[in-house]
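Visitor:
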Amino acid sequence: MPIQIHNAHLQFSLDAEQGCWDLSGRQLHSPALLRARIALRYRRGLQRLNALRNWDAAQVSDAGTLQTAHGPARQISLSIPAENGLLHCRIDFALPEAHPLLMWRMQVENLSRQPLHLGQMELLNLGFLT
């Protein structure tokens, strides 16, 4: 079931089961980003790996309020367990109450004893993930 936050300008919906999110304006005929995805590609030695394809085991926080440089904002966080015991990812989404703005960030933690080489982090992918 998607979790939503909104402000006076935008509505954000996170669907962890489908591994995607939507952002739309709250006025009629506003532009929208639909089924946006986040991707992370990395290497362990010669092995190439993709993270964030499956959000089934993700924990989604309840919506909360935090203070930002843009004033108070509604936030939800997504914590995605380590795939193969290697990487733990956390993604935070926030909508400032007074601005038509979505902020998001991704934190990645290496849980393995080996170095991992981050190849590509895509914070907004609206096409096919390869």
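Under my numbering, the residue at position 113 of the sequence shown is numbered 556, and the numbers go up by one with no gaps.
Backbone N, C-alpha and C define an ideal beta-carbon position, used for all residues, glycine too.
Quick caveat: nothing in here was measured; it's all calculated off a predicted structure.
How big is the Cα-Cα spacing for G562 and R491?
Guide: Taking the straight line from one Cα to the other gives about 9 Å.
Visitor: Can you tell which of L554, L530 and F536 has its C-alpha closest to the C-alpha of L495?
Guide: With distances taken between Cα atoms, L495 lies closest to L530.
Visitor: Report all residues from its chain with a CB closer than 6 Å to the CB of S456; omit the five preceding and five following residues, and keep chain order.
Guide: Closer than 6 Å at Cβ, skipping near neighbours: P445, Q447 and D465.
Visitor: Can you name, in chain order, every residue of its own chain whose Cβ lies under 6 Å from the Cβ of A501, other than the five neighbours on each side?
Guide: For A501, where only same-chain residues beyond five positions count, the Cβ hits under 6 Å are A459, L521 and I523.
Visitor: Note down, one range per segment and in chain order, each beta strand (DSSP E) of at least 3 residues found wholly within the stretch 497 to 565.
Guide: Runs found: 507 to 511, 514 to 526, 530 to 539 and 546 to 553.
Visitor: Taking just the CA atoms, how far does S555 sit from H542?
Guide: Their Cα atoms are separated by approximately 40 Å.
Visitor: Between the Cα of R480 and the Cα atoms of H513, N527, Q510 and I534, which residue gives the shortest distance?
Guide: For R480, the nearest C-alpha among the options comes from I534.
Visitor: If we count the other Cβ atoms within 10 Å of its Cβ and call it buried at 16 or more, is G462 buried or exposed?
Guide: By the 10 Å Cβ count, G462 comes out buried.
Visitor: Does N450 pass the burial test, meaning 16 or more other C-beta atoms within 10 Å, or should it be called exposed?
Guide: Per the 10 Å Cβ criterion, buried.
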